[in-house]
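> Take a look at this one; I'll ask things after.
Numbering (the working numbering), first residue to last: 38 to 318.
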């Protein structure tokens, strides 16, 4: 295996160079991270990268889930949809489809998700001969699990009544949906890793589409089975997307810093000039 260093495949998605920051907030974030990494003289500390990015993007995660969380604790707002949506799901159940949905939902549980993720990420690392996918997945999963545990302890929300749920019943707090949160983070990270190595546009679009269909279906399956309210799933989607943004942005900053240190000091234009060219493209 190669050391934890970026490969050329990691730096682009199609024609998009991940080390170029076109937006003003992106350029500011890049400059802050570069200054911090230069001061500490250690770019490869993934924890440092995540802490720096998370500090900037934490507000975004709070805003995404804030309204949903407030409605859960107050009993108003979007929670008014919980009962009607659950009743509609219960009314649409059929024995055959319920069996299928229950089996599908199990793929997002702790046991099967761990097995599937472990096998898949091991295959990716061996195929690409790099540790980066494993590190990114561990960071993504760690944050997802932490948000799930903290969210459940913070709200301690009751699940739908057992008479409306499909056994086996679950006893942990309902908010947010752990199956949904973990599936969107893990699937989203796999999609990000794969599309950076796919050269065909159709293949990239198909990968993202399949990932989106899976994560949306996982969330809806939890409501269909009566294991979660709609707002549990909505919160999980928001938190998962926010955390994905943090991890992916951290990876891009890591790539950018390695790119800047790889540039020769002489015979090349400065990194600032290259960045300005990229910003104008």
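In this text, a Cβ means the ideal position worked out from N, Cα and C, and glycines have one as well.
Work out the CA separation of residue 186 and residue 210 for me, nearest whole Å.
Residue mapping note: residue 210 aligns to position 173 of the chain shown, counting from 1. Residue mapping note: residue 186 aligns to position 149 of the chain shown, counting from 1. So the alpha carbons of these two residues sit roughly 9 Å apart.
> Would you grab the beta carbon distance between residue 119 and residue 212 for me? Rounded to a whole angstrom, and I think it's under 8 Å.
In the chain shown, the residue the question calls residue 119 occupies position 82. In the chain shown, the residue the question calls residue 212 occupies position 175. The pair is not a contact, with the Cβ atoms about 11 Å apart (cut-off 8 Å).
> Could you check which residue in 279, 216, 264 has the C-alpha nearest to that of residue 251?
Here residue 251 refers to the residue found at position 214 when the chain shown is read from its first residue. Comparing Cα-Cα distances from residue 251 to each of 279, 216, 264, the minimum goes to 216.
> In or out: residue 170 buried (at least 16 other Cβ within 10 Å) or exposed?
The residue you call residue 170 lines up with position 133 of the chain shown. It counts as buried.
> What are the start and end residues of the alpha helix (DSSP H) that includes residue 262?
As a first step, residue 262 is located in the chain shown; it is residue number 225 there, counting from the start. No alpha helix (DSSP H) contains residue 262, which DSSP labels as neither H nor E.
> Could you check what DSSP says for residue 59 in three-state terms: helix, strand or coil?
Translated into the one-based positions of the chain shown, residue 59 becomes position 22. The answer is coil: DSSP assigns residue 59 none of H, G, I, E or B.
> In this structure, how does DSSP classify residue 67 when only helix, strand and coil are distinguished?
Residue 67 sits at position 30 when you count from the first residue of the chain shown. Three-state result, residue 67: helix.
> Classify residue 131: buried if its beta carbon has 16 or more other beta carbons within 10 angstroms, exposed otherwise.
The residue you call residue 131 lines up with position 94 of the chain shown. The residue in question, residue 131, is exposed, as its Cβ has fewer than 16 Cβ neighbours within 10 Å.
> What are the residues that DSSP puts in a beta bridge with residue 321?
Outside the shown range of the chain (38 to 318) lies residue 321, about which nothing can therefore be said.
> My guess is that residue 201 and residue 257 are in contact by the Cβ rule of under 8 Å, so how many angstroms apart are they, rounded?
Sequence index remark: in the chain shown, residue 201 carries index 164 (1-based). Sequence index remark: in the chain shown, residue 257 carries index 220 (1-based). No, residue 201 and residue 257 are not in contact; Cβ-Cβ is about 16 Å, not under 8 Å.
> Drop a sphere of 10 angstroms on the beta-carbon of residue 92, count the other beta-carbons inside from all chains shown, and report buried for 16 or more, exposed for fewer.
Working through the chain shown from its first residue, we reach residue 92 at position 55. In this predicted model, residue 92 has a pLDDT of only 48, less than 50, meaning its place in the structure is not dependable; the value taken from the coordinates is given anyway. Label assigned to residue 92: exposed.
> Using the C-alpha atoms, what's the distance from residue 129 back to residue 249?
What you label residue 249 is simply residue 212 of the chain shown in a count that begins at 1. What you label residue 129 is simply residue 92 of the chain shown in a count that begins at 1. If you take the alpha carbons of residue 249 and residue 129, they lie about 23 Å apart.
> Are three or more beta carbon pairs between the stretch 216–228 and the stretch 148–165 nearer than 8 Å?
Yes: the two stretches touch, three or more of their Cβ pairs being nearer than 8 Å.
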